[in-house]
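Comments concern the structure below.
Residue numbers (this note's numbering), protein chains in the order written: chain R, 371 to 505; chain F, -9 to 229.
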């Protein structure tokens, strides 16, 4: 009990020292949307630069349009990177959960087939009862 | 089961928790506290939101409103692995073991915590001698009782300060459930705070210091288990 009290105090200290941040899920969603916005905005800036350069014969303005187009391209690349990062993370989380569930279901089916029982019957097997010897 | 509560701090506290799945509200303002060295049982019918509440407490599901306080600190949005590393352990419904790994490999997965594999194995096999015999067997081929033993062994391997148990009895024979709850009682006596959700009200009432009745996403009553008989009947049977 004394050991556990020390453990609880340690737990409280560690929780207090945690760098607590705002909800991660909300941040992921925001960054995903920011990625979309940057991609769209970058393309828009590129189109704007195209019309800017075509609307003038002044070489200085055309060079400015080149710079604006490059900024648009940069924004679109950053947006694409953000979008890919956070959409792939979402997909992989789902995929991992799905894989774990399928492995569990497959193992249950194999065990049930080997033992000639339904999955629920197998899980209710009281074979482990005598082995529960809590000290 | 544990000593009477004096002014114990709450290791876990939920304040006005609301949560939803795809816009459908499941929790409608849950308030619940787990004081230090106390076993709190949450009972209620299917669909009351008990599992969702545990998932919110463990950081696995975001709360749409309200505060989750661990050891007095707001942890909304904290990553579940960060909480788990520090000693908040959830043993989920369905056990959450790796079926395609052996018993030993499953225990090995817990060596990210503050203990070595040798220590984890020693304590696991001491508590559950059957696991020692099965240490090279695939976890998915164990019986239901043995899988739950492995899940408990993995949870306890993390040296938890706060243990959260979701439907320990699911799919198990009553005799195994009774033995598992004897172990839970012993863990509680060692001073670990426990929040348990269970459908077998009778068994868990013997272990709990406090019980809460949850209906339709709200905690409708909290108190000593003996005082909640009527609320429980209403929760399960209606009326």
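Beta carbons are placed, not taken as given, at the ideal position from N, Cα and C, and that holds for glycine. This structure is a prediction, so every number in the text was calculated from the model and none was measured.
Straight-line CA distance for residue i to residue j?
{"i": "residue 94 of chain F", "j": "residue 8 of chain F", "result": "39 Å"}
{"i": "residue 216 of chain F", "j": "residue 33 of chain F", "result": "13 Å"}
{"i": "residue 449 of chain R", "j": "residue 176 of chain F", "result": "54 Å"}
{"i": "residue 22 of chain F", "j": "residue 122 of chain F", "result": "38 Å"}
{"i": "residue 178 of chain F", "j": "residue 12 of chain F", "result": "36 Å"}
{"i": "residue 470 of chain R", "j": "residue -1 of chain F", "result": "37 Å"}
{"i": "residue 187 of chain F", "j": "residue 403 of chain R", "result": "37 Å"}
{"i": "residue 210 of chain F", "j": "residue 161 of chain F", "result": "27 Å"}
{"i": "residue 53 of chain F", "j": "residue 10 of chain F", "result": "8 Å"}
{"i": "residue 411 of chain R", "j": "residue 451 of chain R", "result": "14 Å"}
{"i": "residue 185 of chain F", "j": "residue 29 of chain F", "result": "6 Å"}
{"i": "residue 137 of chain F", "j": "residue 75 of chain F", "result": "22 Å"}
{"i": "residue 516 of chain R", "j": "residue 405 of chain R", "result": "Residue 516 of chain R lies beyond the range of chain R shown here (371 to 505); nothing can be said about it."}
{"i": "residue 383 of chain R", "j": "residue 65 of chain F", "result": "14 Å"}
{"i": "residue 112 of chain F", "j": "residue 378 of chain R", "result": "23 Å"}
{"i": "residue 457 of chain R", "j": "residue 25 of chain F", "result": "40 Å"}
{"i": "residue 105 of chain F", "j": "residue 79 of chain F", "result": "15 Å"}
{"i": "residue 455 of chain R", "j": "residue 15 of chain F", "result": "29 Å"}
Using 8 Å for Cβ pairs, my map puts residue i next to residue j. What's the rounded Cβ distance?
{"i": "residue 114 of chain F", "j": "residue 141 of chain F", "result": "With a Cβ gap of about 11 Å, residue 114 of chain F and residue 141 of chain F do not count as contacting."}
{"i": "residue 157 of chain F", "j": "residue 83 of chain F", "result": "4 Å"}
{"i": "residue 174 of chain F", "j": "residue 155 of chain F", "result": "7 Å"}
{"i": "residue 89 of chain F", "j": "residue 130 of chain F", "result": "3 Å"}
{"i": "residue 385 of chain R", "j": "residue 61 of chain F", "result": "4 Å"}
{"i": "residue 204 of chain F", "j": "residue 38 of chain F", "result": "5 Å"}
{"i": "residue 446 of chain R", "j": "residue 419 of chain R", "result": "Contact flag wrong, Cβ pair sits at about 12 Å."}
{"i": "residue 195 of chain F", "j": "residue 201 of chain F", "result": "6 Å"}
{"i": "residue 81 of chain F", "j": "residue 145 of chain F", "result": "5 Å"}
List the DSSP bridge partners of residue i.
{"i": "residue 211 of chain F", "result": "F:203"}
{"i": "residue 153 of chain F", "result": "F:79, F:184"}
{"i": "residue 10 of chain F", "result": "F:15"}
{"i": "residue 3 of chain F", "result": "F:23, F:59"}
Pick helix, strand or coil for residue i, following the three-state DSSP scheme.
{"i": "residue 53 of chain F", "result": "coil"}
{"i": "residue 96 of chain F", "result": "helix"}
{"i": "residue 125 of chain F", "result": "coil"}
{"i": "residue 147 of chain F", "result": "helix"}
{"i": "residue 31 of chain F", "result": "strand"}
{"i": "residue 64 of chain F", "result": "strand"}
{"i": "residue 165 of chain F", "result": "helix"}
{"i": "residue 41 of chain F", "result": "helix"}
{"i": "residue 159 of chain F", "result": "coil"}
{"i": "residue 427 of chain R", "result": "coil"}
{"i": "residue 193 of chain F", "result": "helix"}
{"i": "residue 132 of chain F", "result": "coil"}
For the region 38 to 61 of chain F, list every residue whose C-beta sits within 8 Å of some C-beta in chain R, in sequence order. 52, 60, 61
Of all the residues that make up the region 67 to 100 of chain F, which are near chain R by a beta-carbon distance shorter than 7 Å? 67, 68, 69, 72, 76, 77, 89, 90
The region 125 to 148 of chain F: which residues have C-beta closer than 7 Å to a C-beta of chain R, in chain order? 130, 131, 133, 134, 135, 136, 139
Closer than 8 Å between beta carbons: that is the criterion. Which residues of the region 8 to 31 of chain F meet it against chain R? 26, 27
Interface positions of the region 159 to 185 of chain F facing chain R (Cβ-Cβ less than 7 Å), listed along the chain: 161, 162, 163, 165, 166, 169, 170, 172, 173, 176, 180, 181, 182
Residues of the region 406 to 417 of chain R with a CB closer than 7 Å to any CB of chain F: list them in chain order, please. none
Contact residues within the region 186 to 215 of chain F, judged by C-beta distance below 8 Å to chain R: none
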